[in-house]
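In my numbering, the protein residues as written are 6 to 453. By construction, the Cβ of each residue, glycine as well, lies at the ideal position given by its N, Cα and C atoms.
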Amino acid sequence: MATLTVNPADAVSVTLDPAIETVTAGGTVTFTTTATDTYGNSWDATAAYTITPGAGGSWTDNVYTSAISGTWTVTGTVDGVDGAATLTVNHADAASVTLDPATETVTAGEAVTYTAVATDSYGNSWGATAAYTITPGAGGGWVDNVYTSAVSGMWTVTGTVDGVDGAATLTVNHADAASVTLDPAIETVTAGGTVTFTTTATDTYGNSWDATAAYTITPGAGGGWTDNVYTSAISGTWTVTGTVDGVDGMATLTVNPASAASVTLDPATETITAGETVTYTAVATDSYGNSWGATATYTITPGAGGGWTDNVYTSAVSGMWTVTGTVDGADGVATLTVNPGALDHFAFDPISNQTADQQFSVTITAQDEYSNTVTGYTGTVTLTDTTGTISPVATGNFASGAWTGNVTITQIQSNVTITAEDGSVSGSSNSFDVTEYKIYLPLVVRGG
Numbered sequence: 006m007a008t009l010t011v012n013p014a015d016a017v018s019v020t021l022d023p024a025i026e027t028v029t030a031g032g033t034v035t036f037t038t039t040a041t042d043t044y045g046n047s048w049d050a051t052a053a054y055t056i057t058p059g060a061g062g063s064w065t066d067n068v069y070t071s072a073i074s075g076t077w078t079v080t081g082t083v084d085g086v087d088g089a090a091t092l093t094v095n096h097a098d099a100a101s102v103t104l105d106p107a108t109e110t111v112t113a114g115e116a117v118t119y120t121a122v123a124t125d126s127y128g129n130s131w132g133a134t135a136a137y138t139i140t141p142g143a144g145g146g147w148v149d150n151v152y153t154s155a156v157s158g159m160w161t162v163t164g165t166v167d168g169v170d171g172a173a174t175l176t177v178n179h180a181d182a183a184s185v186t187l188d189p190a191i192e193t194v195t196a197g198g199t200v201t202f203t204t205t206a207t208d209t210y211g212n213s214w215d216a217t218a219a220y221t222i223t224p225g226a227g228g229g230w231t232d233n234v235y236t237s238a239i240s241g242t243w244t245v246t247g248t249v250d251g252v253d254g255m256a257t258l259t260v261n262p263a264s265a266a267s268v269t270l271d272p273a274t275e276t277i278t279a280g281e282t283v284t285y286t287a288v289a290t291d292s293y294g295n296s297w298g299a300t301a302t303y304t305i306t307p308g309a310g311g312g313w314t315d316n317v318y319t320s321a322v323s324g325m326w327t328v329t330g331t332v333d334g335a336d337g338v339a340t341l342t343v344n345p346g347a348l349d350h351f352a353f354d355p356i357s358n359q360t361a362d363q364q365f366s367v368t369i370t371a372q373d374e375y376s377n378t379v380t381g382y383t384g385t386v387t388l389t390d391t392t393g394t395i396s397p398v399a400t401g402n403f404a405s406g407a408w409t410g411n412v413t414i415t416q417i418q419s420n421v422t423i424t425a426e427d428g429s430v431s432g433s434s435n436s437f438d439v440t441e442y443k444i445y446l447p448l449v450v451r452g453g
């Protein structure tokens with residue numbers, strides 16, 4: 006008996022196991038090879054292994070450590086005969102995440118669509134489905150990877166894949182103004198004064214900002230604008246409008262007159278009788294043409310007498326006088342003519358002591374109750390005196406309210422007065438003495 010060992014012939018076919026495999030990048034696969042010769046002999050063969058170029062990874066004998074994701078062909082060669090297997094390498098967990106767009110600027114209310122690219126530690130990248138968030142306070146909302154903006158500002162968008170974050174910067178600008186507010190909302194100035202307005206605009210998402218407005222004021226207010234600064238002119242209550250994106254905001258501006266530059270009195274010319282009153286009104290006008298009924302301080306030419314009660318003047322002395330009304334240091338003037346009143350009494354010019362039986366001159370004036378000469382009086386008066394000896398006993402006709410003439414009193418007496426009468430109207434002179442008429446003769450000395 007003898008033993009015969011028959012070895013396989015050269016391989017004519019090669020089979021790899023596993024024939025199809027899927028791993029995650031970094032994972033390993035152990036291949037085994039079965040070779041078969043032309044006689045049907047099969048055996049576990051030691052193959053020379055390779056993988057499609059580009060798959061990366063590495064071999065340790067029949068153990069392949071994967072790297073690059075993709076579907077690759079593994080080849081095992083025995084006796085120059087190849088066997089093949091298919092290896093699918095999936096990416097590993099994300100090691101980094103990139104968002105697109107990385108930087109974006111939108112207007113509030115607009116949407117941004119984000120895409121996320123994840124990369125594992127082996128350099129495999131893929132379009133990933135991320136979980137998206139944005140900085141708290143940004144408002145708005147997500148529908149999958151689409152963000153609809155709301156609150157203006159610069160925000161950070163985060164996309165998370167496999168617990169790894171990628172970030173992008175999103176700047177949200179305010180939308181068009183939906184409402185406009187002016188500051189100050191209510192203001193009062195003096196004509197010529199300035200007001201600086203600031204404007205806050207707010208969009209439909211509640212974003213507010215300091216806006217540059219186009220300013221106008223109610224027609225008729227006059228004045229002028231330099232950007233947001235209004236210089237006032239015409240007094241009144243006016244509406245200021247600031248317009249942003251076609252939306253108006255309003256403020257109320259009251260302009261008061263400036264100091265008086267001129268004053269007008271009413272009546273400008275008036276004629277009254279002594280004792281009567283005149284009520285004056287003053288209209289002041291400033292340098293911007295604003296006029297108003299003003300409270301003036303009133304005076305009248307010295308010598309006019311009378312008196313004021315506020316703006317009402319009660320007259321006294323006849324004549325032509327100037328009334329002055331002063332407002333803010335500015336004077337307005339009017340002319341007032343005061344005529345004498347009705348005959349009230351007769352007044353004598355002062356009479357000195359006189360001599361009996363000697364003529365002396367007397368002047369009598371017809372006067373009203375304010376001692377104004379009644380120039381229209383042309384009558385005659387009866388003369389009497391306390392001695393009962395005056396002559397003549399009547400005057401001639403008065404001219405321009407006065408009479409001057411000579412009278413004689415024959416009775417010697419002290420404290421004499423003369424009285425003039427015309428009906429119920431009378432008047433007396435001052436007291437004076439009537440003394441004896443004396444003739445002084447020269448002294449003649451005769452010799453004896």
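Q) Secondary structure at A256, three-state DSSP: helix, strand or coil? A) In the structure shown, A256 sits in a strand (DSSP, three-state: E or B).
Q.
Going by DSSP, what residue range makes up the beta strand (DSSP E) through V386?
A. First-last for V386: undefined, no H or E at that position.
Q: Classify T380 as helix, strand or coil using the three-state DSSP reduction.
A: In the structure shown, T380 adopts coil according to DSSP, grouped into three states.
Q. Which same chain residues, not among the five before or five after T20, have their C-beta less than 6 Å away from its C-beta?
A. The residues are T39, G88.
Q | Limits of the unbroken beta strand (DSSP E) element including T8 | A | Bounds of any beta strand (DSSP E) do not take in T8, whose DSSP letter is neither H nor E.
Q. Shortest alpha-carbon distance to T392 belongs to which of T378, A404, A265, S436?
A. For the residues T378, A404, A265, S436, the minimum Cα distance to T392 belongs to S436.
Q | Environment of D149 [buried if 16+ CB atoms lie within 10 Å] | A | Burial is judged here by how many other beta carbons sit within 10 angstroms of a residue's own beta carbon; D149 has fewer than 16 and is exposed.
Q) Which class does L92 belong to by DSSP, given the choice of helix, strand or coil? A) Look at L92 here: in three-state DSSP terms it is strand.
Q. For the beta strand (DSSP E) that L348 lies in, which residues bound it at each end?
A. Per DSSP, L348 belongs to no beta strand (DSSP E) and is neither H nor E.
Q.
Suppose contacts are defined by Cβ-Cβ distances below 7 Å. Is G164 in contact with L92 by that definition?
A. Contact: no.
Q | CB contact flag (A238, Y293, <7 Å) | A | Contact flag set, yes.
Q. Leaving out five residues before and five after A173 in sequence, what residues of the same chain have Cβ atoms less than 6 Å from its Cβ?
A. Hits under 6 Å: L104, A107, V162.
Q.
For D362, which residues in the same chain have their Cβ closer than 7 Å to its Cβ, ignoring the five residues on either side in sequence?
A. Excluding positions up to five away in sequence, the list reads T413, T415, Y442.
Q. Quick check: the segment 259-272 against the segment 306-314, are there 3 or more CB pairs under 8 Å?
A. The segment 259-272 and the segment 306-314 do not touch, with fewer than 3 CB-CB distances between them shorter than 8 Å.
**Q.** Endpoints, the beta strand (DSSP E) within which D333 is located
**A.** Counting along the chain, D333 sits inside no beta strand (DSSP E), nor does DSSP assign it H or E at all.
Q. Is DSSP giving F365 helix, strand or coil here?
A. Residue state, collapsed to three classes: strand.
Q) Whole-angstrom Cβ separation of T118 and T70, contact assumed at under 8 Å? A) About 38 Å separates the two Cβ atoms, so there is no contact after all.
Q: Can you check DSSP and say which residues form a bridge with F437?
A: Beta-bridge pairing by DSSP links F437 to V421.
(Q) Which same chain residues end up closer than 6 Å to M255 when comparing Cβ atoms and leaving out the 5 residues on each side of it in sequence? (A) Excluding residues up to 5 positions away in sequence, T244, T246 lie with their Cβ nearer than 6 Å to the Cβ of M255 in the same chain.
Q. Exposed or buried, G453, counting other C-beta atoms within 10 Å across all chains shown (16 or more means buried)?
A. Because G453 carries a pLDDT of 48, less than 50, the predicted location of this residue cannot be relied on, and the following value inherits that uncertainty. Residue environment analysis places G453 among the exposed positions, since fewer than 16 neighbouring C-beta atoms fall within 10 angstroms of its C-beta.
Q: Out of G330, Y318, A279, state which residue places its alpha-carbon closest to the alpha-carbon of A299.
A: Nearest C-alpha to A299: G330.
Q: Measuring only between beta-carbons, confirm whether T327 sits less than 7 Å from chain D.
A: You won't find chain D in this structure, because it holds only one protein chain.
Q: Could you pull out every residue in the same chain whose Cβ sits closer than 7 Å to the Cβ of A16, ignoring the five residues on either side in sequence?
A: Excluding sequence neighbours, A16 sits near A40, T41, D42, A50, V83, D84, V86.
Q) Residue range of the beta strand (DSSP E) that E192 falls in? A) Start and end: 191-195.
Q. Which term fits I191, buried or exposed, when burial requires 16 or more other beta carbons within 10 angstroms of its beta carbon?
A. I191 is exposed by the Cβ-count criterion.
**Q.** Proximal residues to T385 (C-beta, below 6 Å), its chain only, five neighbours per side dropped
**A.** Sequence-distant partners of T385 (beyond 5 residues in either direction) whose C-beta falls short of 6 Å from its own C-beta, in its chain, are A399, T400, N402.
Q | Which listed residue (A352, V249, T65, Q418) has its alpha carbon closest to that of E426 | A | Of the listed residues, the one whose Cα sits closest to E426 is A352.
**Q.** Unbroken stretches of the beta strand (DSSP E), 3 residues or longer, contained in the segment 29-107
**A.** Segments of the beta strand (DSSP E) lying fully in the segment 29-107: 33-35, 37-42, 47-50, 53-56, 63-65, 68-70, 75-83, 86-95, 99-105.
Q) Going along the chain, which unbroken runs of the beta strand (DSSP E) with 3 or more residues stay wholly within the segment 256-299? A) Uninterrupted beta strand (DSSP E) stretches at least 3 residues long and entirely within the segment 256-299 occur at 267-271, 274-278, 282-284, 286-290, 296-299, given in chain order.
Q) Who are the near neighbours of G229 in its chain, counting only those whose CB is closer than 6 Å to its CB and skipping five residues on each side? A) The answer, listed in chain order, is T236.
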